[in-house]
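Please read the structure below before turning to the comments.
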Amino acid sequence: MIITNLRRHRVRTLIGAAGIALGVATMLSVVGLLGGAVKMFERILRSDAEMVVFEKNVSDLFFSNVDTVVADELAQQSFVKSVQPVLFAIVASPDRPVVTCFGIRPEDGRLKKGEWLQGSVEDFRGDRDGIVLGERAADFLKAKLGEKVELGQQSYPVVGIVRLENGFENGGVFMPLRACQEAFHKDGVVSILAVALAKDHEASEVKQWVQQHHSKLQALENDEFSKSYSQFKILKTTAWVVGGCAFLLGGLSVTNTMILSVFSRIKELAVTRVCGFSRTQVVGMIFGESLIVSLIGVLLGWGLSTGGLWLLREVPALQGYIEPRVGWAEVAAATALAAITAIFGAIYPAWYAARLKPASALRFE
Amino acid sequence: MIEINDVWKSFDDGKIAVLKGVSMQVAAGELLALCGTSGCGKSTLLSLIAGLEDCDRGIVKIDGREWKTEKEKVALLRKEIGFVFQLHHLMPDLTLAENCMVPVIAVGGSMAMAKQRMSELAEMTGVAHRLDRSVRELSGGERQRGALVRALMNDPRILLADEPTGALDEANREIVFNLLLDLVKKGGKTLVMATHDRAMADRCDRVLQMRDGRIVM
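Here it is in structure tokens:
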């Protein structure tokens, strides 16, 4: 009966489902895009490490100051395999207001993972000023190997151009750590330490050491960091709030559809009652219809967001920056929200339908 | 079988009195016609018997008991009573077969058995070849015969018919009414029919004349 009712009012069903579909698509797209961005940034922090050490209570890692000496001390501990200090900075170039700079040591593994388009990894040396550009950065800075690039107050020779999978890195500038510290007046300090643990050692050993020796710093495992970092929390919360609002708007279309559905077949509902349908059956029918409309909306929205995100990923200007992450958790959350929306959307129509008096409803014009 | 004792019913907060102390009895298997002009209270009386409305005062009993609660009223409509309206009230976007299955869905009965019964009833009423057609494609007579099939799907013991031929042309009126009588008699059912057609009423076992909310003879 539920399916039959939806089938015979296809247009109305599709309009109701379209509202939910747009809500689901918006939600999954926003959550997917921001979630992807967060994951990309997480990967920048991680490189080959399992832990991050940074200054306690900073709102943003750009403001974190960790003494480079700590990196050397930590690297000597038996429970540590390697420590990579990274300095994050933002600088303006003549045509670009924001360019992300990564101050790293030559032994940092992240440049080795990339595809070198020009130059080689050996040319990136800690004792010189030569910088390596991500492919996108080279593109918008219009720079080639051997040329000088103006960043902030200084010019730096380009010693390599590398294609990196991560959009942020591919659009960034890699500077030798010391040059980066000088350029940004951060002598002797870095933003974070990426710590790789020695075999058979626990993260708790690093945490304990940091707590004992550098109480102003904090050591967290990557997952802990992702969950606690306020910028990530803000991004994720924003994504869910924006998505949720879109969803609520979609939910209104289901309510509207169900109200129309009930009001346009008052006589039919009365006839079903005369044929022996109980109030509970009528209410169940309305809720069932609403739930199925929402389910169709979820499926359409899922398809729509998958297609939309795929298209975005294919846009040349966004290459590497879009790495949507729509997992089962997000789909499950959207489905649950759709179900809740469907139930709330059907409450009034179902209540109205249940209260119909068959004899009066049959006289309804 | 049906006992109605001093039943009163009004609408619009008592401003419109429709039934004013109606009393009557209908025996099992009896064919009773309620005659009277429009607005005399025939349809309201049928609604009260079916439990679709509650009376303000008085008693309505079916099989010696009142069916007062929601659960009892649903049970009454599912098993004891079939209803045929002046207008067929079939769902226009469904096929005739789908419409006929609505009472079976309400009861949650066996679909296979229901299909068998639907085929038999449709055969008897001459709409077997139209079962898979949308209601929109059916003629007025076919629709009303389809409504008759639907009313009898759960094999009720009482059939309430509210001007069942009132919306049909003369030829179809005769066909549908003959079918109605035939099915009721063959099935040993009780019929209470509201009509203003005296000729049809006279073919029932008994005729009660209603006027201004009262039974006058």
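Residue numbers (our numbering), protein chains in the order written: chain A, 660 to 1024; chain B, 72 to 288.
Cβ coordinates follow ideal geometry from the N, Cα and C atoms, glycine included.
Model, not experiment: these values are computed from the prediction.
- Query: Per the contact definition of three or more C-beta pairs closer than 8 Å, is the stretch 790 to 808 of chain A in contact with the stretch 841 to 849 of chain A?
  - Reply: With a cut-off of 8 Å on Cβ pairs, the stretch 841 to 849 of chain A is not in contact with the stretch 790 to 808 of chain A, counting fewer than three such pairs.
- Query: For A:Ile1002, which option in A:Glu824, A:Glu864, A:Val913 has the closest C-alpha, if you only look at C-alpha atoms?
  - Reply: Here the question's residue 1002 of chain A lines up with position 343 in the first sequence. Check the Cα spacing between A:Ile1002 and each of A:Glu824, A:Glu864, A:Val913: the tightest is with A:Val913.
- Query: If you scan the stretch 166 to 232 of chain B from start to end, which runs of the alpha helix (DSSP H) of 4 or more residues do you find wholly inside it?
  - Reply: Runs found: 167 to 171, 173 to 178, 182 to 196, 211 to 223.
- Message: Determine, for A:Gly943, whether the minimum Cβ-Cβ distance to residues of chain B falls below 8 Å.
- Response: One-based indexing of the first sequence puts residue 943 of chain A at position 284. So no, A:Gly943 is outside the interface.
- Item | Against chain B: residues of the stretch 912 to 946 of chain A by CB proximity under 7 Å | Within the stretch 912 to 946 of chain A, the qualifying residues are Lys926, Glu927, Val930, Thr931, Val933, Cys934, Gly935, Phe936, Ser937, Arg938, Gln940.
- Task: Spatial neighbours of A:Cys839 within its chain, please: CB distance less than 7 Å, with the 5 preceding and 5 following residues excluded, ordered by chain position.
- Result: For the purposes of this step, residue 839 of chain A is taken as the residue at position 180 of the first sequence. Excluding positions up to five away in sequence, the list reads Leu746, Ala748, Cys760, Gly762.
- Message: Any C-beta of chain A within less than 7 Å: which residues of the stretch 173 to 205 of chain B qualify?
- Response: Result list: Val173, Pro174, Ile176, Ala177, Val178.
- Item | Proximity test, Cβ basis, 8 Å: B:Phe154 and chain A | In the second sequence, counting from the first residue as 1, residue 154 of chain B sits at position 83. Yes, contact with chain A.
- In angstroms with no decimal places, state the Cα-to-Cα distance between A:Asn1047 and A:Leu907. Chain A is shown only over 660 to 1024; residue 1047 of chain A falls outside these bounds and no answer can be derived.
- Message: Is B:Asn249 close to chain A? Criterion is C-beta to C-beta, closer than 8 Å.
- Response: To locate residue 249 of chain B, count along the second sequence from 1; it is residue 178. Not closer than 8 Å to any Cβ of chain A, the Cβ of B:Asn249 fails to qualify, so no.
- Task: Answer yes or no: does any C-beta atom of chain B fall closer than 8 Å to that of A:Met686?
- Result: The residue you call residue 686 of chain A lines up with position 27 of the first sequence. No, A:Met686 does not count as interfacial toward chain B.
- Could you give the DSSP three-state label for B:Cys275: helix, strand or coil? For the purposes of this step, residue 275 of chain B is taken as residue 204 along the second sequence, with counting starting at 1. Correct three-state label for B:Cys275: coil.
- Name the chain A residues that come within less than 7 Å of B:Met162, Cβ to Cβ? Within the second sequence, residue 162 of chain B is the residue found at index 91, counting from 1. For B:Met162, the neighbours in chain A by C-beta distance under 7 Å run, in chain order, Glu927.
- Item | Where A:Cys760 sits in the DSSP three-state scheme | Along the first sequence, read from residue 1 onward, the residue named residue 760 of chain A stands at position 101. When secondary structure is reduced to three states using DSSP, A:Cys760 falls in the strand class.
- Distance, Cα to Cα, B:Ser81 vs B:Gly284? Taking the second sequence and counting its residues from 1, the one referred to as residue 81 of chain B is at position 10. Taking the second sequence and counting its residues from 1, the one referred to as residue 284 of chain B is at position 213. A direct Cα-Cα distance of roughly 10 Å separates B:Ser81 from B:Gly284.
- Item | Distance between B:Val175 and A:His668 (C-alpha atoms, nearest Å) | Against the first sequence, residue 668 of chain A aligns to sequence position 9. Against the second sequence, residue 175 of chain B aligns to sequence position 104. The straight-line gap from Cα to Cα measures roughly 22 Å.
- Item | Three CB pairs or more closer than 8 Å across the stretch 198 to 205 of chain B and the stretch 235 to 251 of chain B | No: the two stretches stay apart, fewer than three of their Cβ pairs being nearer than 8 Å.
- Message: Looking at chain B, is there any beta carbon in it that lies within less than 8 Å of the beta carbon of A:Ala1018?
- Response: Position 359 of the first sequence, counted from the start, is the residue given in the question as residue 1018 of chain A. Chain B, which has a Cβ nearer than 8 Å to the Cβ of A:Ala1018, makes this yes.
- Supposed close pair A:Trp899, A:Val690 - CB separation, criterion 8 Å: The count along the first sequence starts at 1 and reaches residue 899 of chain A at position 240. The count along the first sequence starts at 1 and reaches residue 690 of chain A at position 31. In this structure A:Trp899 touches A:Val690 by the C-beta definition: roughly 6 Å separates them, less than 8 Å.
- Query: Apart from the five residues just before and just after B:Cys126, which ones in its own chain have a Cβ nearer than 8 Å to its Cβ?
  - Reply: Here residue 126 of chain B is taken as the residue at index 55 of the second sequence, counted from 1. Closer than 8 Å at Cβ, skipping near neighbours: Val78, Trp79, Lys80, Leu90, Leu119.
- Task: Could you check if A:Val742 is buried or exposed, using at least 16 other CB atoms within 10 Å of its CB as the buried criterion?
- Result: In the first sequence, residue 742 of chain A corresponds to position 83, counting from 1. Classification for A:Val742: buried.
- Determine the contact status of A:Val817 and A:Gly831, defining contact as a CB-CB distance below 8 Å. Walking along the first sequence from the start, residue 817 of chain A turns up at place 158. Walking along the first sequence from the start, residue 831 of chain A turns up at place 172. 8 Å or more divides the Cβ of A:Val817 from the Cβ of A:Gly831.
- Supposed close pair B:Ala98, B:Met72 - CB separation, criterion 8 Å: Within the second sequence, numbered from 1, the residue matching residue 98 of chain B stands at position 27. Within the second sequence, numbered from 1, the residue matching residue 72 of chain B stands at position 1. Taking C-beta atoms under 8 Å as the contact rule, B:Ala98 and B:Met72 qualify, at a distance of about 6 Å.
- Message: Check whether chain D comes within 8 Å of A:Arg671, counting only Cβ atoms and requiring the distance to be less than that.
- Response: In the structure shown, chain D does not exist; the protein chains are A and B.
- Message: With distance defined between alpha-carbon atoms, name the residue in B:Val131, B:Asn243, B:Arg188, B:Gly217 nearest to B:Gln96.
- Response: Numbered from its first residue, the second sequence carries residue 96 of chain B at position 25. The residue with the shortest Cα to Cα distance from B:Gln96 is B:Val131.
- Taking only beta carbons into account, state which residues of the stretch 107 to 118 of chain B come closer than 7 Å to chain A, listed in chain order. Along the stretch 107 to 118 of chain B, going in chain order, the ones with a CB nearer than 7 Å to a CB of chain A are Ser118.
- Output, in chain order, the set of chain A residues within a Cβ distance shorter than 9 Å of B:Asn76. The residue labelled residue 76 of chain B in the question sits at position 5 within the second sequence. Those do not exist, as B:Asn76 stays about 20 Å from chain A at its closest Cβ, beyond 9 Å.
- Message: Please state the DSSP three-state secondary structure of A:Asn915.
- Response: Reading the first sequence from its first residue, position 256 is the one you call residue 915 of chain A. For A:Asn915, the three-state secondary structure derived from DSSP is helix.
- Query: Exposed or buried, A:Lys858, counting other C-beta atoms within 10 Å across all chains shown (16 or more means buried)?
  - Reply: Working through the first sequence from its first residue, we reach residue 858 of chain A at position 199. Answer is exposed; the Cβ neighbour count stays below 16.
- Item | DSSP state of A:Arg769 mapped onto helix, strand, coil | Counting from 1 along the first sequence, the entry for residue 769 of chain A is found at position 110. A:Arg769 falls in the helix class under three-state DSSP.
- Message: Below 7 Å on C-beta distance, what does B:Val145 contact in chain A?
- Response: Against the second sequence, residue 145 of chain B aligns to sequence position 74. Residues of chain A whose Cβ lies closer than 7 Å to the Cβ of B:Val145 are, in chain order, Gly935, Ser937.
- So, is A:Gln940 buried or exposed, given that buried needs 16 or more other C-beta atoms within 10 angstroms? Working through the first sequence from its first residue, we reach residue 940 of chain A at position 281. Within 10 angstroms of the beta-carbon of A:Gln940 lie 16 or more other beta-carbons, which makes it buried.
- Over what stretch of residues does the beta strand (DSSP E) that includes B:Arg128 continue unbroken? Locating residue 128 of chain B in the second sequence gives position 57, where the first residue counts as 1. Under the DSSP assignment, B:Arg128 falls in the beta strand (DSSP E) whose first and last residues are 128 to 133.
- Item | Unbroken beta strand (DSSP E) run spanning A:Glu888, endpoints | Here the question's residue 888 of chain A lines up with position 229 in the first sequence. It should be pointed out that residue 888 of chain A corresponds to Tyr in this sequence rather than to Glu. From DSSP, A:Tyr888 is part of no beta strand (DSSP E); its letter is neither H nor E.
- Are the beta-carbon atoms of B:Leu239 and B:Arg204 separated by less than 8 Å? Position 168 of the second sequence, counting from 1, holds the residue named residue 239 of chain B. Position 133 of the second sequence, counting from 1, holds the residue named residue 204 of chain B. No, they are not a contact pair.
- Query: For A:Val817, which three-state DSSP category applies?
  - Reply: Within the first sequence, numbered from 1, the residue matching residue 817 of chain A stands at position 158. Here A:Val817 sits in strand by DSSP.
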